[in-house]
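Sequence order for the protein chains is V and F. 203 is the number of the first residue of the first sequence in my numbering; add one for each residue after it. 44 is the number of the first residue of the second sequence in my numbering; add one for each residue after it. Yeah, the Cβ is synthetic: ideal placement off N, Cα and C, and Gly gets one too. Here the structure is laid out as structure tokens; the discussion comes afterwards.
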Amino acid sequence: MIETLGMYFQFPFVRYALIVGVLIALCSSLLGVTLVLRRFSFIGDGLSHVAFGALAVAGILNLTDDMLFVLPVTVLAAVLLLRTGQNTKIKGDAAIAMISVSALAIGYLLMNLFSTSTNLSGDVCSTLFGSTSILTLTQGEVWLCAVLSIAVVALFILFYNKLFAVTFDEDFARASGTRVEAYNLLIAVVIAVIIVLAMNLVGSLLISALIIFPAMSAMRIFRSFRAVTLCSGVLSVVCALLGILISIVSGTPVGSTIVAVNMAAFLLCCGAARIQGGKA
Amino acid sequence: MAQLTCSGLSLGYERRVICAGLSFSVNEGDYLCIVGENGSGKTTLMKTILGLQKPLAGSIAFGDGLKAGEIGYLPQQTAAQKDFPATVWEVALSGCQARMGRRPFYSRQEKEETRRNLARMGMEGLAGRCYRDLSGGQQQRVLLARALCATRKLLLLDEPVSGLDPAVTAEMYALITRLNREEKVTIIMISHDPGAVQYASHVLHIGRELFFGTAQAYREKWENGDFDFMRGGSAL
Ligand SMILES: Nc1ncnc2c1ncn2[C@@H]1O[C@H](COP(=O)(O)OP(=O)(O)OP(=O)(O)O)[C@@H](O)[C@H]1O
Ligand SMILES: [Mg+2]
């Protein structure tokens, strides 16, 4: 098996896939902690469906670069969604659900009406569940992804303390002069970027897994914010690596394999927590 | 000039006025106790002072070198945070956030001060414990330590003793009183507990009847049965 892997590593596209997969997994897990704690677990779902809809529209408009359209639309949706968390009449989860299904429906509708592709359901399926596109990345795409991911990680480290304050108690942070709105906006933009990146990896339907699972697993075991964040990052990277390797060796779909590995890790963490609790 | 001056303040949500014509001022070193029935707008008043919501009318002015951000706040409930993984240390330290400005990390000085504030609350031994595993009273102390990290001038406390047992309640009041007397921290405290008034220098009563004055005057008025709502059910 080691030999098989060794053979696969000869191919640049496998190395690219690993790099990109790990970076995306790292970014999404870091923000996942904040999102889960703020009851925004499903924002990943909502936004990725918006991105799906945007992708459909971009396809119809025959844009040369889809990203130039998809990214701004997703960022806009993220800003709107995070804003609903605060004072509006429609609560966060309902707003996310509404936007998410609308975008999905409209996207599919438009694709059906205007699509020029002969294999429509194949296209839709690969956008929803992640395609093999992670294995067909060009060097340019890998660079773009690497730069964006490093920017996200750097931002996260710089704003780690503020992020904690804003997540733990928004009112207190605001009262003591922290510019909460600015940080919420920053979070929204970063999430949108991650989602758009992650769509290549696991597809729209499974993105939530990358955001939720590592944070939930880490929260089983650790009880400080720092430890949870670190553990969630490490766990996510390990799961992504394992998932991609398994999928290459056994020919399973990349996205679902990563999610399955994450699920297994979560179960392991639950077990570990139980043993830990039993001792205490 | 007073540290905090409110004049002609109207409180409420989306044009529904809860309380109108509120005028009072707080000087450095004062201990103001805000009392009133459930739903009379005490928490709303505090949130308005903190700038979390806008007053419907009137104005709030800070003086004496106090800026809007230099307020320590102890919320009535932090309900959302039931499963939040955070240590006592992390929670208390986050109080220093405000004065950091754009600086991303805490300085040694800020950590030292957090340690001191936790010690003041008798919580230094629990710094590594998980916040959500503490008892209500212990959590309250941690939040008070956090509020102290945010300010040395003005503390706003929203029912700091709700849910505490009598012994801990007395201890909490002693703590707050000591902060006020010894460290000259201005205190604005909401309380349901009639016993709380005895520690205060001033009292603001909101609700069916407005009153603002010294604690002395409030007690006299109270003893003479001089409040409208005390006179034989005329209010209800
Ligand atoms: N977010 C809100 N939107 C609309 N109305 C609100 C909101 N929060 C509170 N209210 C209303 O404002 C009034 C005052 O509420 P507030 O929380 O200020 O009372 P309080 O004096 O602090 O009461 P308590 O003693 O129970 O803490 C209540 O009638 C309440 O129904
Ligand atoms: Mg209240």
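- Message: Within a Cβ cutoff of 8 Å, which residues of the same chain sit near residue 362 of chain V, ignoring the five residues on either side of it in sequence?
- Response: 431
- Item | Unbroken beta strand (DSSP E) run spanning residue 48 of chain F, endpoints | It spans 47–56 - the beta strand (DSSP E) in which residue 48 of chain F sits, taken as one unbroken run.
- Item | Unbroken alpha helix (DSSP H) run spanning residue 433 of chain V, endpoints | 427–452
- Message: According to DSSP, simplified to helix, strand and coil, what is residue 267 of chain F?
- Response: Taken through DSSP and simplified to helix, strand or coil, residue 267 of chain F comes out as coil.
- How is the beta strand (DSSP E) around residue 378 of chain V delimited, first residue to last? Segment: none, residue 378 of chain V is in no beta strand (DSSP E) and carries neither H nor E.
- What separation, rounded to the nearest whole angstrom, lies between the Cα atoms of residue 447 of chain V and residue 214 of chain F? 59 Å
- Query: Between residue 135 of chain F and residue 185 of chain F, is the Cβ-Cβ spacing less than 7 Å?
  - Reply: yes
- Helix, strand or coil: which one does DSSP assign to residue 398 of chain V? helix
- Item | Neighbour list for residue 94 of chain F in chain V, Cβ cutoff strictly below 8 Å | 376, 377
- Message: I'd like to know if the region 388–396 of chain V and the region 260–280 of chain V are in contact, where contact means that at least 3 CB-CB pairs between them fall below 8 Å.
- Response: yes
- Message: Cutting at 7 Å between CB atoms, please list the residues of its own chain near residue 50 of chain F, excluding the five before and the five after it.
- Response: 66, 101, 102
- Task: Compare the Cα-Cα distances from residue 379 of chain V to each of F:128, F:110, F:222 and report the closest residue.
- Result: F:110
- Message: Just to confirm, is the Cβ distance from residue 309 of chain V to residue 353 of chain V under 7 Å?
- Response: no
- Query: How many angstroms separate the CA atom of residue 425 of chain V from the CA atom of residue 433 of chain V?
  - Reply: Residue 425 of chain V and residue 433 of chain V: Cα-Cα distance of roughly 11 Å.
- So, do the region 165–175 of chain F and the region 74–81 of chain F have three or more beta carbon pairs nearer to each other than 8 Å? With a cut-off of 8 Å, the region 74–81 of chain F and the region 165–175 of chain F do not count as touching, because too few Cβ pairs lie within range.
- Query: Can you give the Cα-Cα distance for residue 238 of chain F and residue 377 of chain V, rounded to whole angstroms?
  - Reply: 28 Å
- Test item: CB-CB of residue 147 of chain F and residue 237 of chain V under 7 Å: no
- Message: If we define contact as Cβ-Cβ less than 7 Å, is residue 349 of chain V a contact residue for chain F?
- Response: Not one chain F Cβ lies under 7 Å of residue 349 of chain V.
- Query: Between the region 384–415 of chain V and chain F, which residues of the former have a C-beta closer than 8 Å to a C-beta of the latter?
  - Reply: none
- With DSSP as the reference, label residue 479 of chain V as helix, strand or coil. helix
- Pick out the complete beta strand (DSSP E) segments inside the region 96–179 of chain F, 3 residues or longer, and give them in chain order. 100–105, 114–117
- Message: Which residues end up in the neighbourhood of ligand 1 when you take C-beta atoms closer than 5 Å to any of its heavy atoms?
- Response: Those residues, listed in chain order, are F:56, F:61, F:81, F:82, F:83, F:84, F:85, F:86, F:87.
- What span of residues does the beta strand (DSSP E) with residue 238 of chain F cover, start to end? Per DSSP, residue 238 of chain F belongs to no beta strand (DSSP E) and is neither H nor E.
- residue 443 of chain V versus V:218, V:240, V:274, residue with shortest Cα-Cα distance: V:218
- Message: Strictly by DSSP, which residues pair up with residue 78 of chain F?
- Response: Residue 78 of chain F has F:248 as its beta-bridge partners, per DSSP.
- Length of the line joining the Cα atoms of residue 173 of chain F and residue 130 of chain F: 4 Å
- Message: With a threshold of 6 Å (Cβ to nearest heavy atom), would residue 280 of chain F be considered close to ligand 2?
- Response: Residue coverage of chain F in this structure runs from 44 to 279, which leaves residue 280 of chain F outside it and unanswerable.
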